[in-house]
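Reviewing the structure listed below.
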């Protein structure tokens, strides 16, 4: 094993420093800011409102629709062209799927609840930060939910099972020359807080089944920390009112 | 629909506003914060009342344009994020976003605020290009002034990234001490006309109520680098003259806050 100490000195199950706020966008029906390390997601919820064009409407229940966007200056390399990339479209879709199981829109037929997430700066884990922010914003908007969705990436760097990988850990070969034959697996997950069921599960890299199950076990503790922070942010909003970004 | 249109119009005639401000007062808080995004070469967040915008500067090395082989370039883009208002929808930039970007662009470009010649590395081959992206976060009115202020703050806070001498590749993860060659500090101020009264820093309702607006970008010496008239009604030359005086005064006021915020 070459990866003994994590690049930023964290323990294997330790998340980067986090900060969450609810009610940061006065125009929105609900909103949140969620920071984890140098990744920052801002979420706004609009709705339930009427859905156009009408053929998209569902007469049985409201439609949840997520949007994901990295700001043009939020990538660690060159400027990102604004507009909906294939990557952004896929992330928006998995965000919607990860939040849908806890959101009850049966009282809002033909309506839409729009969730917009934009990121001013990123350092890996953007879809997880986006989902954790969106979950706070939906609760802040008073959308009926049966639970919170807590999202974080887990994975493997060399033989180490870790939580909340950074960009440098995902690209370990570039930053640690000794680890040229080490393998990395990045596994973004989202969990329903009470049942620990998975609503987001993606994997990039190389890992055994045993490694994956170990990582998912680690995710339970990691998402619990996210949940505590989400709860705190919502409580603060309702006790102390809207916050500045 | 603007519910308070009538009231706003009547109040303006007696020099009053719905939120109790004087006609020439900006909303509070008026905050400018820089270095809000580690991935941008320069960045800023501006808040005027409930209006919030973010701006980020990215630098890239490109081939200069054929007609200006010894100059770098500048591009300004505005995204009116659907996150920032129930009125904005996803999709290509609306005419409002395009106008906003072009007015902020002209204010900076025409004042020659950035010395584009100093951005050139090898004439005809390689020069720095500056892109400013302005994102609305909460549109509660007066995006023009907020966008102009955020752009200038982001430009002032920007630092060049490290360039590998051998390969010429940019290492965006490392910044140098070198900042952008700024020569002037133009700031746009938009004055609105409601019921023959002139006012600054409108709310969304006031923007929708106004009969005309004029944006004036001016620098510390009071030189005007860009103007843009908007709205449905005409302005007399006398009105334009008073608007320019007011805009230059408010531009100085905003520049003072910017200087203080960057200290």
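Chains as they are written, first to last, in my numbering: chain A, 17 to 261; chain B, 518 to 780. Note that the Cβ used here is the ideal one computed from N, Cα and C, for glycine as well.
- In this structure, residue 75/A keeps its C-beta atom at 8 Å or more from the C-beta atom of residue 208/A.
- Segment contact: the region 75-93 of chain A against the region 129-148 of chain A, three or more CB-CB distances shorter than 8 Å; contact assigned.
- No Cβ of chain A is located within less than 8 Å of the beta carbon of residue 736/B.
- For the region 561-594 of chain B, residues whose beta-carbon sits nearer than 8 Å to a beta-carbon of chain A comprise 562, 564, 567, 569, 571, 573, 574, 575, 577, 594.
- By the CB criterion at 8 Å, residue 72/A and residue 61/A fall outside the cutoff.
- The alpha-carbon separation between residue 692/B and residue 674/B amounts to approximately 12 Å.
- Nearest neighbour of residue 530/B by Cα position, chosen from 712/B, 704/B, 563/B, turns out to be 712/B.
- According to DSSP, residue 18/A shares a beta bridge with no other residue.
- Check the Cα spacing between residue 523/B and each of 723/B, 746/B, 777/B: the tightest is with 723/B.
- For residue 563/B, the enclosing beta strand (DSSP E) stretches over residues 559-565.
- Within chain B, 575, 577, 687, 689 have C-beta atoms less than 9 Å from the C-beta of residue 94/A, given in sequence order.
- Inclusion of residue 704/B and residue 671/B in the CB contact set at 8 Å is not warranted, their separation being larger than that value.
- Looking at the DSSP output, residue 569/B bridges to 564/B, 655/B.
- For residue 693/B, there is no enclosing alpha helix (DSSP H); the residue is found in the beta strand (DSSP E) stretching over 687-696.
- Distance check between residue 638/B and each of 564/B, 668/B, 588/B places 588/B closest, using alpha-carbon atoms only.
- Distance between residue 215/A and residue 596/B, taken at the CA atoms: about 31 Å.
- Close CB contacts of residue 143/A within its chain, under the 6 Å cut and outside five residues either way in sequence, are with 107, 204 (chain order).
- A distance below 7 Å between beta-carbons, with the five flanking residues on each side excluded, links residue 641/B to the following residues of its chain, in chain order: 581, 586.
- Taking CB atoms only, residue 659/B has no neighbour in chain A less than 8 Å away.
- Between residue 57/A and residue 46/A, the alpha-carbon positions lie close to 14 Å from each other.
- For residue 102/A, the enclosing alpha helix (DSSP H) covers residues 102-115.
- By the criterion of a C-beta distance shorter than 6 Å, residue 761/B is surrounded in its chain by 733, once the five residues flanking it on both sides are discounted.
- Using a Cβ-Cβ cut-off of 8 Å, residue 664/B does not count as an interface residue toward chain A, since no Cβ of chain A sits closer than that to its own.
- If you draw a 10 Å sphere on the C-beta of residue 197/A, you find fewer than 16 other C-beta atoms in it, and that means exposed.
- For residue 745/B, the enclosing beta strand (DSSP E) begins and ends at 741-748.
- Here residue 699/B carries a strand assignment [DSSP, helix/strand/coil].
- Here DSSP, grouped into helix, strand and coil, assigns residue 254/A to helix.
- The three-state reading of DSSP puts residue 733/B in strand, counting E and B together.
- Interface criterion met: the Cβ of residue 598/B is under 8 Å from a Cβ in chain A.
- The beta-carbon separation of residue 659/B and residue 603/B, rounded to 18 Å, does not stay under the 8 Å limit for a contact.
- Out of 110/A, 28/A, 157/A, 94/A, the CA that lies nearest to the CA of residue 48/A is found in 157/A.
- Taking a C-beta distance under 8 Å as the contact criterion, residue 129/A and residue 42/A do not qualify as a contact pair.
- By the Cβ-count criterion, residue 84/A is buried, with 16 or more other Cβ atoms from all chains shown falling within 10 Å of its own Cβ.
- In this structure, 740/B is the residue among 740/B, 610/B, 694/B, 573/B with its C-alpha nearest to the C-alpha of residue 769/B.
- Residues of the same chain with a CB within less than 7 Å of the CB of residue 34/A, apart from the 5 flanking positions on each side, are 51, 52, 245 in chain order.
- Sequence-distant Cβ neighbours of residue 651/B in its own chain, meaning closer than 8 Å and more than five residues away, are 570, 571, 572, 593, 594, 595, 596, 617, 618, 621, 664, 667, 668.
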